[in-house]
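Numbering (my numbering), first residue to last: 33 to 95.
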């Protein structure tokens, strides 16, 4: 994920920052506990496509 692109992207739900989880190929919003998939190098920034993370999910501790 290009760092400049990551700086431009925000969570569509809360407009907060996203963390890139390379191993899982997702962008994580810690505030909303959502993981947005990255498919073929393109972030899918749709709330309907996001996975809700459990409060103890390791992705929330990344970075």
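Ideal placement from N, C-alpha and C gives every residue a C-beta, glycine not left out.
Ordered along the chain, which non-local residues of its own chain (more than five positions away) have a Cβ less than 6 Å from that of residue 83?
-> Indexing the chain shown from 1 puts residue 83 at position 51. The answer, listed in chain order, is 67.
Assuming residue 57 contacts residue 49 under a Cβ cut-off of 8 Å, what Cβ separation, rounded to an integer in Å, is found between them?
-> Residue 57 sits at position 25 when you count from the first residue of the chain shown. Residue 49 sits at position 17 when you count from the first residue of the chain shown. Not really, about 18 Å apart at Cβ, beyond 8 Å.
For residue 160, which residues from the same chain have a beta carbon less than 8 Å from its beta carbon, with the 5 sequence-adjacent residues on both sides left out?
-> Missing from the structure shown is residue 160; the chain here goes from 33 to 95 and no further.
Since residue 53 sits in a beta bridge, which residues does DSSP pair it with?
-> The residue you call residue 53 lines up with position 21 of the chain shown. Residue 53 is bridged to 58.
Quick one, which of 35, 60, 33 and 34 has its alpha-carbon nearest residue 46's?
-> In the chain shown, residue 46 corresponds to position 14, counting from 1. That would be 60, whose Cα lies nearest to the Cα of residue 46.
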